[in-house]
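Below is one structure, written out as structure tokens; the observations come after it.
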Amino acid sequence: MEVKYAVYRSITPEDVLSTIYAIYDEIFEDIDLFSEKLKEKKELLLVSAHVGSEVIGFKLGYQLNEEIFYSWLGGVSPAYRQAGIGQELMTIQHENLQELGYSCIQTKTMNKWRSMLILNIKNGFDIVDTYRKDNGEHRIVLEKKL
């Protein structure tokens, strides 16, 4: 299996949706809410993984300010997990963010996404905060200096 990666630096919300729609829907399911939230974001950066013409994984984020980038969403299709694709997506994202001049990357996760929590910690992220949303879900805030 040959996995190829692509980086999109100035991508519109519509382009993001057309690129990752199927994989997002497979992992997270609530595409309408995602589509609405996506329209609010500025300075999007998308890294995608492909096998042939199929998108099998992605890492998407946006600028919080000139120094901090927020790594918002990412995932790998269940059929392609445990092959190092999530790690490579993160590596490519971080390399691009350094080139763009960011000094810090922030992300949030939940206990139910343990594989993402572990991947972040293995890659130098520190847990800097936790909180509960109104619906009771516990969130973990992580940051990494680039």
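To convert a position in the sequence shown, counted from 1, into this note's numbering, add 866.
All residues carry an ideal CB built from backbone N, CA and C; glycine is no exception.
Would you report the Cα separation of residue i and residue j, rounded to the nearest angstrom?
i: S937; j: E920; result: 23 Å
i: V869; j: K999; result: 37 Å
i: E1009; j: G918; result: 33 Å
i: Y997; j: W979; result: 16 Å
i: Q929; j: K905; result: 14 Å
i: F900; j: H916; result: 21 Å
i: E1003; j: Y874; result: 31 Å
i: A949; j: N931; result: 33 Å
i: M976; j: I987; result: 13 Å
i: E953; j: N1001; result: Just to set this straight, residue 953 is Gln in the shown sequence, not Glu. Going by the C-alpha atoms only, they are around 31 Å apart.
i: S884; j: M867; result: 24 Å
Does DSSP put residue i in a helix, a strand or coil?
i: L985; result: helix
i: I1017; result: No information on residue 1017 is available, as it lies outside the stretch 867 to 1012 that the chain covers here.
i: G952; result: helix
i: D1000; result: coil
i: D992; result: strand
i: K905; result: coil
i: E895; result: coil
Do residue j and residue i have their beta-carbon atoms positioned less than 9 Å apart in this structure?
i: V1007; j: I984; result: no
i: I886; j: F924; result: yes
i: N962; j: V882; result: no
i: I958; j: I922; result: no
i: G940; j: M982; result: yes
From the DSSP output, which residues share a beta bridge with residue i?
i: K974; result: V1007
i: V917; result: E920
i: A872; result: S914
i: Y928; result: Y936
i: G941; result: F924
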